[in-house]
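Enquirer:
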């Protein structure tokens, strides 16, 4: 009995760690599926609209039965949620999906390595996170931020030898790949957009800490932000995408991607991150993001024949197929 109780206590204590590892595994799927859908011709702006719509619908029943659903909602809180959704969900998601059209799934995952450093720097300036070089945990935070940022910069700027062992023999001579050739200007533009998306996401992680203290019903908190982002993204997509055929969804990779990103990524993972931020803080939540790179690079190389290099991404000439 004591052993069982000890296991339960250990599981309860480690729930945030397990949740964040799961979140990064899900995020690796986000980079791969969204890259596939957008490379197939889906508008990134429309993608965000459907993603937020799926998330809002999927989480609405859980929000209704939230044990804290009677928490009061003031006009001031609604305005805060609208602005937080605009910065963290709408801006971040649209920048991410526009930029991924010019980069690769692996690069998108690698760029997220900047999130822990950006979040940590912001948190220190806003005084959400304290730092002390006299303690081991303080030095670990500084060292971790420097390594994650340095790793992302090296990956972008330095091109080393390819990892041929990551690609199966029957795919090494296959000309099909998920990646496509872009001009140098497009690559730079995509990189800057990805950095901006990560900065917006880091700010969202920090702001959640303030919002969740004011409004403890986390399911409803997530649903309202997704719904506000849906409205904002719809207005943006209507302005940017005038072709009505771009809004059509069929039984293909487009539907699979928006359903996955909406229900699992935006819905479940956002809620898990809000819970982790409440208990462990924004920096703890951000520090797990480098795991997504390892998962994404491995899956992308094995399934979609993406060339992986020690250093920056490599664009493989030719079309791609799933």
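Residue numbers (the numbering used here): 37 to 358. Quick reminder that beta carbons are idealized off the backbone N, C-alpha and C, glycines included.
Taking the straight line between their C-alpha atoms, what separation do you get for residue 110 and residue 140?
Expert: Roughly 42 Å separates the two Cα atoms.
Enquirer: Kindly indicate the opening and closing residues of the alpha helix (DSSP H) around residue 314.
Expert: 306-316
Enquirer: Looking at residue 55: is its Cβ nearer than 9 Å to the Cβ of residue 311?
Expert: yes
Enquirer: Thinking C-alpha only, which one of 325, 332, 285 and 303 is nearest residue 53?
Expert: 325
Enquirer: Roughly how far, in whole angstroms, is the beta-carbon of residue 330 from the beta-carbon of residue 321, given that I think they are within contact range, below 8 Å?
Expert: With a Cβ gap of about 18 Å, residue 330 and residue 321 do not count as contacting.
Enquirer: Which term fits residue 250, buried or exposed, when burial requires 16 or more other beta carbons within 10 angstroms of its beta carbon?
Expert: exposed
Enquirer: Could you check how far apart the C-beta atoms of residue 447 and residue 277 are, in whole angstroms? I think they sit under 8 Å.
Expert: Residue 447 lies beyond the stretch modelled for the chain, which goes from 37 to 358, so this question has no answer here.
Enquirer: So for residue 146, helix, strand or coil by DSSP?
Expert: helix
Enquirer: Taking C-alpha atoms, which residue in 237, 334, 244 and 152 lies nearest to residue 116?
Expert: 244
Enquirer: Residue 93 lies in the alpha helix (DSSP H); which residues open and close that run?
Expert: For residue 93, the uninterrupted alpha helix (DSSP H) segment begins and ends at 80-100.
Enquirer: Taking all protein chains shown into account, do 16 or more other C-beta atoms lie within 10 angstroms of the C-beta of residue 161, making it buried, or fewer, making it exposed?
Expert: exposed
Enquirer: Reducing DSSP to helix, strand and coil, say where residue 109 ends up.
Expert: coil
Enquirer: Are at least three pairs of beta-carbons, each pair with one atom in the region 143-163 and one in the region 281-296, less than 8 Å apart?
Expert: Verdict: no, contact absent.
Enquirer: Less than 8 Å between C-beta atoms, sequence neighbours within five positions excluded: which residues of the same chain meet that for residue 293?
Expert: 69, 70, 72, 73, 78 and 83
Enquirer: Roughly how many angstroms lie between the CA atoms of residue 319 and residue 237, to the nearest whole one?
Expert: 12 Å
Enquirer: Going by alpha carbons, who is nearest to residue 152 out of 328, 323 and 113?
Expert: 323
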